[in-house]
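Chains as they are written, first to last, in this note's numbering: chain A, 159 to 427; chain B, 10 to 93. Quick reminder that beta carbons are idealized off the backbone N, C-alpha and C, glycines included.
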Ligand SMILES: Nc1ncnc2c1ncn2[C@@H]1O[C@H](COP(=O)(O)OP(=O)(O)O)[C@@H](O)[C@H]1O
Ligand SMILES: [Mg+2]
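Okay, structure coming up:
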């Protein structure tokens, strides 16, 4: 039986797809059979971030509508063993995602995989609700910024009340915070909410902090999940997060300014 | 306070202001969460009624649903302005 993990946030553009790709690739590298499912129907992007956009023939909606089998639709990653992608549809309307269809596909995937990573669309509409509904675990991607934190809190409310686990009275969805696009420099200047501020407001466990990094854009340009850029700051922060996700205890890095520039040294911190 | 410290303390405020605003809005939104879907609307209608008689703030009406055994208790907290 697979663990179903939703990567969600409420707000758009905070790093859900970047995170889904990185965490999925990290879990697969650690030897777990992992499938990435793009729930962002109409705005699919996970295939681009994973660099497999030209290999998409059938997608999630085709499988739901039984126009293709899962085996036909699953794309095997060429770099990492054990990693597969199920792309979202580019054209169909959002109602194409049906509750029964999603449940059937996830149940079928559960037999073959250890982890199913659901990349949620933004918002709290149908696609986002369905991505959350079947989850066992949730990674709440949040930027240190007011609207993102507020939206994350709303999403936490939904996870607690409108999921299969809530409906069945099962133990709640495990919720972990991933703070992304973090800039220690701006935090130090008092311009950006700190990791402690966000932890205090959302009051959930911290999975990791991913720094604002040029490496993310470079990796997405190349279609490589940033976690495979092993020397980059963001890549290493994602590696730490995957290790923590798998139960390892690792200190948080990239929370402080590494080196002080000339200006910082002259004027103090 | 030096010139630079002045600017630094100005900037410090923006993250602090963000945190305080978030704490307030999140607390308010959590209070009606999990309850029936009509709670937010009920809250705003009560506010409208109160405002026919007294000028009160947007957040003057706090509403909370508590469960006590089989019983649901709707707790209403209305803050009136200071008399002067
Ligand atoms: N840690 C980061 N540092 C810099 N840019 C980032 C980081 N994480 C995400 N981004 C950028 O933010 C944008 C939105 O990311 P994406 O993963 O598509 O968000 P979402 O799926 O939540 O809409 C992309 O341009 C991505 O490159
Ligand atoms: Mg996305």
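- Contact check for residue 359 of chain A and residue 32 of chain B: beta-carbon distance about 6 Å, within the 8 Å limit, so the pair qualifies.
- Residues of chain B with a Cβ closer than 8 Å to the Cβ of residue 167 of chain A do not exist, since the nearest Cβ in that chain sits about 15 Å away.
- Of the candidates A/354, A/258, A/221, A/284, A/221 places its Cα closest to the Cα of residue 246 of chain A.
- Not one beta carbon of chain B lies nearer than 8 Å to the beta carbon of residue 405 of chain A.
- Using a Cβ distance threshold of 8 Å, residue 373 of chain A and residue 390 of chain A count as a contacting pair.
- Counting only residues of its own chain and dropping the five nearest sequence neighbours on each side, residue 310 of chain A has a CB closer than 7 Å to the CB of 167, 168, 298, 300, 360.
- Secondary structure remark: continuous alpha helix (DSSP H) runs of at least 4 residues inside the segment 307 to 337 of chain A, in chain order: 322 to 326.
- Among the residues facing chain A, residue 38 of chain B is included, as its CB has a counterpart in that chain under 8 Å away.
- Fewer than three pairs of CB atoms, one per stretch, sit closer than 8 Å, so the segment 317 to 326 of chain A makes no contact with the segment 341 to 361 of chain A.
- Out of A/409, A/263, A/278, the CA that lies nearest to the CA of residue 271 of chain A is found in A/263.
- Taking CB atoms only, residue 311 of chain A has a neighbour in chain B less than 8 Å away.
- The beta carbons of residue 41 of chain B and residue 69 of chain B sit about 15 Å from each other, so the pair does not count as a contact at 8 Å.
- In chain order, the residues with a C-beta atom nearer than 5 Å to some heavy atom of ligand 2 are A/174, A/175.
- With respect to residue 275 of chain A, residue 195 of chain A sits close: the two C-beta atoms are nearer than 8 Å.
- A residue is called buried once 16 or more other Cβ atoms fall within 10 Å of its Cβ, and residue 285 of chain A is buried on that count.
- Taken through DSSP and simplified to helix, strand or coil, residue 30 of chain B comes out as helix.
- Using a Cβ distance threshold of 8 Å, residue 316 of chain A and residue 336 of chain A do not count as a contacting pair.
- No Cβ-Cβ contact shorter than 8 Å links residue 380 of chain A with residue 164 of chain A.
- Per the coordinates, the alpha-carbon of residue 62 of chain B lies some 28 Å from the alpha-carbon of residue 30 of chain B.
- Not one heavy atom of ligand 1 sits closer than 7 Å to the Cβ of residue 306 of chain A.
- The beta carbon of residue 364 of chain A sits no closer than 7 Å to any heavy atom of ligand 1.
- Residue state for residue 87 of chain B is assigned as strand, using DSSP reduced to three classes.
- The three-state secondary structure of residue 205 of chain A, taken from DSSP, is helix.
- Of the heavy atoms belonging to ligand 1, none sits nearer than 7 Å to the Cβ of residue 88 of chain B.
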